[in-house]
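In this note's numbering, the protein residues as written are 21 to 360.
Heads up, the beta-carbon is just placed ideally off N, CA and C, and yes, glycines get one too.
Everything numeric in this text was worked out from a predicted model, so none of it was measured.
For reference, the structure discussed in these notes is given below.
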């Protein structure tokens, strides 16, 4: 429907009831979902070094390929072609890899595709507790994402995902769905909400597992400082089998300047965050990250991001991301500077 005088009231009539969920505290509309412990545990692990550098406070940011895993509406407002690959090592025996690709489609749509794969090994024991070798287990999810921008400052996104798990010789499959909203009334401020991992239960071996439905809402504020910026964000996250958690995070971008040949430029990112709900040691819940962005060709940027996450007594995890971003020429062209 064209966005003329007739189409705009229709869009507002559809969007306003949905957007009401962002403004109402999510805790008021979520208790009915309590179903006890959930399965699909790997879907609760944060993805991406940049979002996790801010403790996962990413729902209202969603301005790169990581939006695929936090708020699919972000790709509707994100004008660049971008790809990301993230590697994570967790508790020495668990490896988690994720990847995503996003890009604009016309003037009102964005599209992307993303997935993640977790693999690990564990010891096999008999009924007396004696070791009987090892076995492997893995989890996998993959799916497309579509974002729509019905209004200049509003994005809507949906993402179906295929989810598969395997433990030794046993396996199970399921479908999962994500949906999100993102609204940027002004350039420096945004508010967002997403409902992730919604889907039917699955039977795994002899037990039924429910997906870890995750309702998120967040705020973000990005303050430009000449060629630098400060980004601050906060998320409220609810799962049916966990207490609500709040994440707060910040990112400081420092412009490092151009090369002597005036053909390249670079920037440094410093990140930190904290997520409530951890009672496993003094540093549990804290995250610390760093990133470096470099112009490798005309409008083509390479980013390397790393983050350290402490789980207290359980151990820690490190994530390393490699990302590419192509920023096409736009009119009017933004100030000559790097930085997401």
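Taking a C-beta distance under 9 Å as the contact criterion, residue 135 and residue 156 do not qualify as a contact pair. The beta carbons of residue 266 and residue 66 sit no closer together than 9 Å. Residue 117 sits in a strand when the DSSP states are folded into three classes. When the alpha-carbon of residue 168 is set against those of 59, 128 and 75, the nearest one is in 128.
Residue 297 and residue 305 have their C-alpha atoms roughly 8 Å apart. For residue 311, the pairing in a beta bridge is given by DSSP as 289 and 325. For the stretch 133–203, the continuous beta strand (DSSP E) assignments of 3+ residues that do not extend past its boundaries occur at 151–171 and 174–187, in sequence order.
Inclusion of residue 200 and residue 225 in the CB contact set at 9 Å is not warranted, their separation being larger than that value.
For the pair residue 165 and residue 187, the CB atoms are not nearer than the 9 Å cut-off. Per the DSSP secondary-structure output, residue 105 pairs in a beta bridge with 119 and 342. Take residue 321, set aside five residues on each side of it, and the residues of its chain with a beta-carbon closer than 6 Å to its own are 313, 315 and 345, in chain order.
Each residue's CA atom was taken as its position, placing residue 223 and residue 99 some 41 Å apart. One alpha carbon belongs to residue 290, the other to residue 72, and they sit about 12 Å apart. In this structure residue 95 is buried. Its beta-carbon is surrounded by 16 or more other beta-carbon atoms within 10 angstroms.
In this structure the stretch 79–88 touches the stretch 203–216; the number of beta carbon pairs closer than 8 Å is three or more.
By the criterion of a C-beta distance shorter than 8 Å, residue 244 is surrounded in its chain by 208, once the five residues flanking it on both sides are discounted. The three-state reading of DSSP puts residue 258 in strand, counting E and B together. In this structure, the straight-line span from the alpha carbon of residue 274 to that of residue 70 is close to 15 Å. The Cβ atoms of residue 101 and residue 260 lie no closer than 9 Å to each other. Residue 85 and residue 311 have their alpha carbons spaced roughly 15 Å apart.
Around the C-beta of residue 343, 16 or more other C-beta atoms lie within 10 Å, and the residue is accordingly described as buried. Rounded to the nearest whole angstrom, the CA to CA distance from residue 115 to residue 62 is 11 Å. The beta carbon of residue 139 sits closer than 6 Å to those of 115 and 158, all from its chain and outside the five residues before and after it, given in chain order. DSSP, reduced to helix, strand and coil, places residue 348 outside both helices and strands of the structure shown, so it counts as coil. Note on residue 234: 16 or more other CB atoms within 10 angstroms of its CB, so buried under the neighbour-count rule.
For residue 89, the uninterrupted alpha helix (DSSP H) run begins and ends at 87–90, by DSSP. Judged by DSSP secondary structure, residue 71 falls outside any beta strand (DSSP E) and instead within the alpha helix (DSSP H) spanning 69–73. Residue pairing for residue 244: DSSP places it in a beta bridge opposite 249. In this structure residue 183 touches residue 161 by the C-beta definition: roughly 5 Å separates them, less than 8 Å. The three-state secondary structure of residue 213, taken from DSSP, is strand. If you check the CB distance, residue 196 and residue 60 come in under 9 Å. Closest option to residue 309, judged by alpha-carbon separation, among 74, 87 and 58: 74.
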